[in-house]
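**Q**
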Amino acid sequence: MASHNDLGKKAEDLAAEFLIKNGYKILVRNFRYQKAEIDIIAEKENLIIITEVKARSTDIFMLPQEAVNKRKISLIVSAANHFMEEFNKNQEVRFDIISVLPNEKGELIIEHIVDAFEAFDAN
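Take the sequence shown: its position 105, counting from 1, is numbered 135 in the numbering used here, and each next residue is one higher.
1) Contact between the segment 110-122 and the segment 65-78: three or more CB pairs below 8 Å?
2) Give the single residue among E148, V144 and D151 whose Cα lies nearest to the Cα of N52.
3) What's the call for F150, buried or exposed, on a 16-neighbour Cβ count within 10 Å?
4) Just mark S129 as buried or exposed, buried being the case when its beta carbon has 16 or more other beta carbons within 10 Å.
5) Can you tell which of I103, I79 and F113 has the C-alpha that lies nearest to the C-alpha of Y54?
6) Quick one: is L49 buried, meaning 16 or more other Cβ sit within 10 Å of its Cβ, or exposed?
7) Alpha carbon to alpha carbon, how far is E115 from A146? Give it in angstroms, no decimals.
8) Residues in the same chain with beta-carbon distance under 8 Å from L77, minus the five sequence neighbours each way, listed in chain order, please.
9) To the nearest angstrom, how far is it from the Cα of F61 to the Cα of L131?
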């Protein structure tokens, strides 16, 4: 497995642990629908939280969350709609991003961006 895949997997594991420690219930990880994948679907306070996890080994070229473009948002929203229908969920949905970057010591630091985008951002 390539090292960027290792970082991505580690980042998703850290993000899931972070969410659990902060009172979220993980419903599904790596939910797939057509060409889309949602990294983490969680629930907290009667909200469904769709979470995109982005990691980079450096922020020299761009921050991890900057990789979530309009196309990616469109795919995430499509998959989220499918999840809500398939599992008969009727709660409000929130879209978050968890960004993972190493600090100067090489320790991975999590930034949780709550309400990072909305479904209409896909248009």
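Heads up, the beta-carbon is just placed ideally off N, CA and C, and yes, glycines get one too.
**A** For this structure:
1) yes
2) V144
3) exposed
4) buried
5) I79
6) buried
7) 23 Å
8) Q121, E122, V123 and R124
9) 23 Å
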